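In this note's numbering, the protein residues as written are 2 to 135.
Even glycine gets a Cβ: it sits at the ideal position worked out from N, Cα and C.
Every value quoted in this text rests on a predicted model; they were computed, and no experiment measured them.
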């Protein structure tokens with residue numbers, strides 16, 4: 002009879018506890034850091050004029066072509082290109098700021114993230130001193 006051996010994180014013996022502690026540390030640190038980020042937007046301008054409506058045209062034409070013929074290659078290209086233009090426009094007009102916080106809070110956030118990633122990486126290595134029995 003063959004016995005099933007317990008395999009931990011990353012297919013290595015042990016490390017499951019370290020993995021979950023690291024995952025929790027990373028999650029808390031990332032949450033705290035992202036909670037300090039403020040995202041705003043500005044007007045969508047293209048060469049000095051409001052261009053959001055114009056960027057909708059390729060997608061709307063493509064969607065109309067797809068409703069007429071779902072296999073239309075031109076419709077798929079226009080719809081995909083139009084969606085990509087809208088997504089790029091949204092991303093290019095975002096302003097991202099890090100809110101004021103103390104140095105202590107910033108260090109706690111960054112240490113939680115770095116320590117969590119370190120524990121996760123360490124848990125994926127085989128545990129030293131714990132050799133599986135053959």
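Considered as a whole, the region 64–112 harbours 95–99 as its complete beta strand (DSSP E) runs of no fewer than 3 residues, in chain order. 80 is the residue among 80, 38 and 36 whose C-alpha sits nearest the C-alpha of residue 56. When the Cα atoms are used, residue 32 and residue 126 turn out to be separated by approximately 26 Å. Contact between the region 21–35 and the region 114–125 is established, with three or more Cβ pairs separated by less than 8 Å.
Following the DSSP letters along the chain, one finds residue 37 in no alpha helix (DSSP H), marked with neither H nor E. Cβ neighbours of residue 97 within its own chain (closer than 7 Å, five residues either side excluded): 38 and 40.
Here residue 104 is exposed, its C-beta having fewer than 16 other C-beta atoms within 10 Å. Using a Cβ distance threshold of 7 Å, residue 76 and residue 60 do not count as a contacting pair.
The Cβ-Cβ distance between residue 34 and residue 110 falls below 7 Å. The C-beta of residue 113 has 16 or more other C-beta atoms within 10 Å across all chains shown, which makes the residue buried.
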